[in-house]
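Visitor:
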Amino acid sequence: MSKLESLLSISRLQTEQQLAALQQKRRSIAYLAQQLSELMDYSGYYQEDPADSIDNLAALFTHRQTFVTQLHKQIGELSDRIETLNIDADNCAAQWRVFEAKQNAIASMYDQKCVQDAYKQEALARGDMDELARLICMQSPHLDHD
Numbered sequence: 002m003s004k005l006e007s008l009l010s011i012s013r014l015q016t017e018q019q020l021a022a023l024q025q026k027r028r029s030i031a032y033l034a035q036q037l038s039e040l041m042d043y044s045g046y047y048q049e050d051p052a053d054s055i056d057n058l059a060a061l062f063t064h065r066q067t068f069v070t071q072l073h074k075q076i077g078e079l080s081d082r083i084e085t086l087n088i089d090a091d092n093c094a095a096q097w098r099v100f101e102a103k104q105n106a107i108a109s110m111y112d113q114k115c116v117q118d119a120y121k122q123e124a125l126a127r128g129d130m131d132e133l134a135r136l137i138c139m140q141s142p143h144l145d146h147d
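First residue of the sequence shown? That's 2 in the working numbering, and the numbers climb one at a time after it.
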């Protein structure tokens with residue numbers, strides 16, 4: 002029983018670590034979104050400030066091109082991170098289902114053991130040693146059933 006519990010504990014720890022990593026990735030995306038917002042606010046400064054000369058217009062055009070390039074790059078990074086987050090979320094969900102299945106299997110085995118122990122106690126209380134031996138042999142397949 003302790004081996005199953007330790008496996009369950011390890012599985013739970015791994016799932017918690019993956020969830021923590023997923024939360025960190027979400028915080029990174031929020032940070033990138035904030036940077037994107039600040040970049041957009043910065044570009045708005047140029048929209049409010051009209052250019053008086055050809056040089057100012059050229060500088061504004063260059064800035065816009067740089068901004069758009071950075072924006073496309075950050076959107077690509079965000080898209081990649083979102084895709085990674087979706088994959089991580091799917092993996093976490095799958096591992097959680099495995100964890101729950103293991104937990105249910107352990108609970109079922111424990112319930113089965115409790116029932117078998119109750120049957121053995123009843124046989125012992127009745128003094129039915131043949132029934133007690135049969136129940137012990139059922140629990141221990143390596144013992145001879147005869």
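Yeah, the Cβ is synthetic: ideal placement off N, Cα and C, and Gly gets one too.
With distances taken between CB atoms, is the gap from leucine 136 to alanine 126 smaller than 8 angstroms?
Guide: In this structure, alanine 126 does not lie closer than 8 angstroms to leucine 136 by Cβ.
Visitor: Look at lysine 26 and leucine 72 and say whether their C-beta atoms are less than 8 angstroms apart.
Guide: No, these two residues do not count as a Cβ contact at 8 angstroms.
Visitor: Taking the alpha carbon of arginine 65 as the point to measure from, which residue in Ser80, Leu40, Tyr120, Gln18 has its own alpha carbon closest?
Guide: The candidate whose alpha carbon is nearest that of arginine 65 is Leu40.
Visitor: Is it true that the CB of lysine 103 sits closer than 8 angstroms to the CB of serine 12?
Guide: Result yes, Cβ atoms of serine 12 and lysine 103 sit closer than 8 angstroms.
Visitor: Apart from the five residues on each side of it in sequence, which residues of its chain come closer than 8 angstroms, Cβ to Cβ, to lysine 121?
Guide: Cβ neighbours of lysine 121 beyond the five flanking positions: Leu133, Leu136, Ile137.
Visitor: Could you check whether isoleucine 30 and isoleucine 76 sit closer than 8 angstroms to each other, using their CB atoms as the reference points?
Guide: No, the pair does not count as a contact, with Cβ atoms beyond the cut-off.
Visitor: Classify serine 10 as helix, strand or coil using the three-state DSSP reduction.
Guide: Of the three classes helix, strand and coil, the one that applies to serine 10 here is helix, per DSSP.
Visitor: Could you give the residue range of the alpha helix (DSSP H) that holds aspartate 1?
Guide: The requested residue 1 does not occur in the structure, where the chain is confined to residues 2 to 147.
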